[in-house]
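Asker:
Numbering (this note's numbering), first residue to last: 2 to 538.
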């Protein structure tokens, strides 16, 4: 395990370096000592170190030297400025994990973990920023500042995953930005670089976009300049700088970024084994809104917040080094709000292969877009339809199983708003039981009744001698949940009921039920009163 040290700190030990300060009007030696020196370091030592003859008169503009070892050191926590997805933090190795929220401040010993599809952006005391990408873990070993000097000491361990760093220029010789991985990296101030801790035997990668980065390991080090990267691992010296793959070229004909879902396509890059796609905020490029790895030269992005964004696409070489970024700015229009969903409810189990989906009308919406998929990410929607109105009944049966559905609104100008939350539901292959009641017979008539359905539903009833209903005695539609017919002959009859929705959709027939009618002579012996007949299921 090797620490990653800033180049500025490699020249000499911090204790042998001085921080330089330009004297301002009104400064006094004892005021400067009280502001910058550790407890126990007297201002007279500062006078002696700088060879000052008159401590009461400090000429403005002159330089004073403060030994680094004399400076006050204070805690300087990292602040979380953006969170996407499930991100946890632990105050120490023995502390329980807690969810990370924006504004959280992380101190020394904290551990931050990102889950699949999650990321967090942190800002350090000197304005440097680090974006911890998905499936990553970082431990913060040192987060401190040298009083009011502007120099900050930031040291961390990237134990797994990837991180993008934008480091501010150094304000003094003690400024450090240190990352520790299975191999070592040393960054100068004013750099922008990506770093990854290799997984599954892969080597750690460092990719330099701006400035210079010193990458070191136990057996050597190498200076990496912009447009190059290096690999390290296994205790070997870092590889000689490797040119990063060029940025892909965007395919404008197949790219639509101002509507959701957004789509982007690009030309294949020779030597690429895959691509990494990211979307960041245009005004804060360290805030990650979307990330995905793909082997295809295209991507679909289902959801983004409204506002100005940047698309970044880079080719990934077979050795694991990410290349130069394709950069495309675009704006996501908020569009109409997603409608309120009415049916089916969240997690509802349905017994219709073609259930009806309903939602509320959104002011200003001309049409709606409905998607139904097997997965909550809607990577391959089974149904994706534009609908006028607030109802949809699929034109195909949905097989039994679990599904998700969501809906968005489109206004009269064609702008599609964001999709609402993906709601789960299940399709059951169990037929709807109409709840047929025992039949009643009186005065030569047979009355059948069943449970009332939803408002607006109608019913279709079939009666047959055979259980397969190949030859019907009766088929009748009814507005109410009952029918009265002339009493058929004695014996066994089969009855089934079908529900017809108010839009004409006929649900599958409910389970067949068997009734037995007594012989007419037996019935006649019963007189004119109602006779309850045996119902066999």
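The C-beta atom is built at its ideal place from N, Cα and C for all residues, glycine as well.
With respect to the beta strand (DSSP E) encompassing residue 518, which residues constitute its N-terminal and C-terminal limits?
Answerer: That run of the beta strand (DSSP E) goes 514-518.
Asker: Nearest to residue 159 by alpha carbon, out of 133, 150, 149?
Answerer: For residue 159, the nearest C-alpha among the options comes from 133.
Asker: Could you tell me which residues DSSP pairs with residue 278 in its beta bridges?
Answerer: Residue 278 pairs with 293, 314.
Asker: Going by beta carbon distance, what residues of the same chain come within less than 8 angstroms of residue 522, once the five residues before and after it are set aside?
Answerer: Bear in mind that a pLDDT of 48 at residue 522, under 50, signals an unreliable position, so the number given afterwards is only what the model happens to contain. Same-chain partners within the cutoff: there are none.
Asker: To the nearest angstrom, report how far apart residue 367 and residue 378 are at their CA atoms.
Answerer: The alpha-carbon atoms of residue 367 and residue 378 are separated by roughly 25 angstroms.
Asker: Cβ atoms of residue 239 and residue 218: under 8 angstroms apart, would you say?
Answerer: It is a contact, given that the beta carbons lie within the stated cut-off.
Asker: Assuming residue 209 contacts residue 183 (C-beta within less than 8 angstroms), just tell me the rounded distance between them.
Answerer: Not quite, the Cβ-Cβ distance comes to about 19 angstroms (not below 8 angstroms), so this is no contact.
Asker: What does the Cβ neighbour count give for residue 192, buried or exposed, with the cut at 16 atoms within 10 Å?
Answerer: So residue 192 ends up on the buried side.
Asker: For residue 36, report the span of its alpha helix (DSSP H) as first-last.
Answerer: Segment 30-37, the alpha helix (DSSP H) holding residue 36.
Asker: My parser needs the beta strand (DSSP E) runs of 3 or more residues fully inside the stretch 110-164; what are they?
Answerer: Segments of the beta strand (DSSP E) lying fully in the stretch 110-164: 112-115, 120-124, 130-133, 138-146.
Asker: Residue 527: buried (16+ other C-beta within 10 angstroms of its C-beta) or exposed?
Answerer: Low per-residue confidence applies at residue 527: pLDDT is 45, beneath 50, and the placement is therefore not dependable, though the value from the model is reported in the following sentence. Per the 10 Å Cβ criterion, exposed.
Asker: If I measure Cβ to Cβ from residue 175 and keep anything under 6 angstroms in the same chain, skipping five residues before and after, which residues do I get?
Answerer: Result list for residue 175: 15, 69, 147, 152, in chain order.
Asker: What residue range is occupied by the uninterrupted beta strand (DSSP E) comprising residue 50?
Answerer: First-last for residue 50: 44-51, but that is the alpha helix (DSSP H), not the beta strand (DSSP E).
Asker: For residue 154, I'd like the list of residues in its chain whose CB is within less than 6 angstroms of its CB, leaving aside the five on either flank, ordered along the chain.
Answerer: Once the five neighbours on either side are set aside, the close Cβ partners of residue 154 are 143, 145, 177.
Asker: Taking 8 angstroms as the cut-off, does the stretch 460-468 touch the stretch 422-429 (at least 3 CB pairs, one atom from each stretch)?
Answerer: Contact between the stretch 422-429 and the stretch 460-468 is absent, because fewer than three Cβ pairs lie under 8 angstroms.
Asker: By how many angstroms is the C-alpha of residue 66 removed from the C-alpha of residue 21?
Answerer: So the alpha carbons of these two residues sit roughly 5 angstroms apart.
Asker: Spatial neighbours of residue 63 within its chain, please: C-beta separation below 8 angstroms, excluding the five flanking residues on both sides.
Answerer: So the qualifying residues of the chain are 23, 24.
Asker: Check whether the stretch 303-321 touches the stretch 343-355, taking contact to mean three or more Cβ pairs, one atom from each stretch, closer than 8 angstroms.
Answerer: Cβ pair count under 8 angstroms is below three, so no.
Asker: Who are the Cβ neighbours of residue 362 in its own chain at under 8 angstroms, not counting the five residues just before and after it?
Answerer: Same-chain partners within the cutoff: 340, 391.
Asker: In whole angstroms, give me the CA-to-CA distance for residue 360 and residue 78.
Answerer: Going by the C-alpha atoms only, they are around 47 angstroms apart.
Asker: What ranges does the beta strand (DSSP E) occupy inside the stretch 192-272, keeping only unbroken runs of at least 3 residues that lie completely in it?
Answerer: Those beta strand (DSSP E) runs which fall completely within the stretch 192-272 and span 3+ residues are 193-198, 205-211, 214-218, 221-225, 229-233, 263-266.
Asker: Tell me, to the nearest whole angstrom, how far the beta carbon of residue 288 is from that of residue 122; I am working on the premise that it is less than 8 angstroms.
Answerer: The Cβ separation is near 5 angstroms, so the contact holds.
Asker: Can you list, in chain order, the residues of its chain whose CB lies under 7 angstroms from that of residue 119, leaving out five sequence neighbours each side?
Answerer: Within the same chain, residue 119 has close Cβ partners 85, 86, 87, 88, 135.
Asker: Does DSSP put residue 402 in a helix, a strand or coil?
Answerer: In the structure shown, residue 402 sits in a strand (DSSP, three-state: E or B).
Asker: Out of 237, 242, 236, 221, state which residue places its alpha-carbon closest to the alpha-carbon of residue 230.
Answerer: Cα-wise, what sits closest to residue 230 is 242.
Asker: Does DSSP put residue 373 in a helix, in a strand, or in coil?
Answerer: DSSP places residue 373 in strand when its eight states are reduced to three.
Asker: What does the alpha-carbon distance come out to for the pair residue 263 and residue 408?
Answerer: Cα to Cα, residue 263 sits roughly 16 angstroms from residue 408.
Asker: Using the Cβ count rule (16 or more neighbours within 10 Å means buried), how would you classify residue 337?
Answerer: Buried.
Asker: How do the stretch 491-509 and the stretch 447-460 stand: do at least 3 beta-carbon pairs fall below 8 angstroms, yes or no?
Answerer: These segments touch.
Asker: For residue 70, name the three-state secondary structure that DSSP assigns.
Answerer: In the structure shown, residue 70 sits in a helix (DSSP, three-state: H, G or I).
Asker: What's the C-alpha gap between residue 269 and residue 249?
Answerer: Each residue's alpha carbon lies about 7 angstroms from the other.
Asker: Over the uninterrupted beta strand (DSSP E) stretch that includes residue 425, give me the two end residues.
Answerer: 424-428 is the extent of the beta strand (DSSP E) around residue 425.
Asker: Rounded to the nearest angstrom, what separates residue 496 and residue 508 at their Cα positions?
Answerer: Cα to Cα, residue 496 sits roughly 16 angstroms from residue 508.
Asker: Please check the pair residue 272 and residue 246, which I expect to be a contact at CB under 8 angstroms, by giving their CB distance rounded to whole angstroms.
Answerer: About 6 angstroms separates the two Cβ atoms, so the contact holds.
Asker: Please work out which residues of its chain come closer than 8 angstroms, Cβ to Cβ, to residue 274, disregarding the five sequence neighbours upstream and downstream, and give them in chain order.
Answerer: 296, 317, 318, 319, listed in sequence order.
Asker: Terminal residues of the continuous beta strand (DSSP E) containing residue 331?
Answerer: Run containing residue 331: 327-333, per the beta strand (DSSP E) assignment.
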